[in-house]
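Terminal number for the sequence shown in the working numbering: 169, no gaps in between. Worksheet: one structure, shown below.
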Amino acid sequence: MCRASVLLATTALAANLAAGEFTPVVKAMEQVFPGNTRYGVVCDYSYCQKQVADLRQALPAGATLTVFDVHHPMHLIPAAEAVLRRGVQLLAILPNDPLVQDGSAHATELVGRMNGSVPAFGTTPAALKNGCALALGPATRGELLVNPNLGNGHQQGSIGPVEIIRMNL
């Protein structure tokens with residue numbers, strides 16, 4: 001059933017790449033994981049403010065975004081625990097974060113700590129290597145990339161303000 005949704009999403013979303021880097025992948029996540037409106041991102045917020053703003057603009061009406069601000073690898077475990085505690089339903093991996101970007105070992109660790117309970121997504125092919133459910137963006141040339149393990153362990157208004165949670169301990 002998930003694969004059918006993903007295949008239908010491919011055609012509809014390929015044309016939306018010009019609308020913003022995150023718009024196509026967010027729309028795909030909406031179709032594959034419907035009803036999830038609590039998004040999260042773990043990143044160095046001071047470095048990634050533009051990417052976070054772009055992600056926020058791509059979110060559907062009524063969705064919320066929680067930013068977990070990390071600056072050091074030792075903050076990843078507390079950030080992952082906070083993602084789970086705060087009830088994040090979908091986790092974005094940013095392509096240009098200095099610590100937790102698509103393809104990095106830190107992104108793999110973060111996604112792995114979700115234990116399949118919070119599906120993650122990215123915009124580059126490297127996101128799938130991190131364990132993300134989907135990847136779609138300019139780096140995929142409009143092709144919706146799907147993790148072959150999708151479905152094996154993943155659970156299924158106006159945009160509110162971004163909540164920043166500092167992970168400096």
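For glycine and all other residues, C-beta sits at the position ideal for the given N, C-alpha and C.
The C-beta distance from residue 70 to residue 76 rounds to 6 Å, short enough to fall under 8 Å. Around residue 59, the same chain offers 26, 39, 65, 159 as residues with beta carbons nearer than 7 Å, after the five sequence neighbours per side are excluded.
Exposed is the label assigned to residue 141, since fewer than 16 other Cβ atoms lie within 10 Å of its Cβ.
The stretch 42-58 and the stretch 125-139 do not touch, with fewer than 3 CB-CB distances between them shorter than 8 Å. In the DSSP assignment, residue 38 is bridged to 64. Separation of the CB atoms of residue 90 and residue 33 is rounded to 6 Å, and the pair is thereby assigned contact status at 8 Å.
Beyond the five residues adjoining it in sequence on each side, residue 128 comes within less than 7 Å, by CB distance, of 135, 145, 147 in the same chain, given in chain order.
A straight line joining the alpha-carbon of residue 51 with that of residue 98 spans about 12 Å. Residues of the same chain with a CB within less than 6 Å of the CB of residue 114, apart from the 5 flanking positions on each side, do not exist. The beta carbon of residue 111 is closer than 8 Å to those of 91, 93, 120, 130, 131, 132 in its chain, skipping five residues each way along the sequence.
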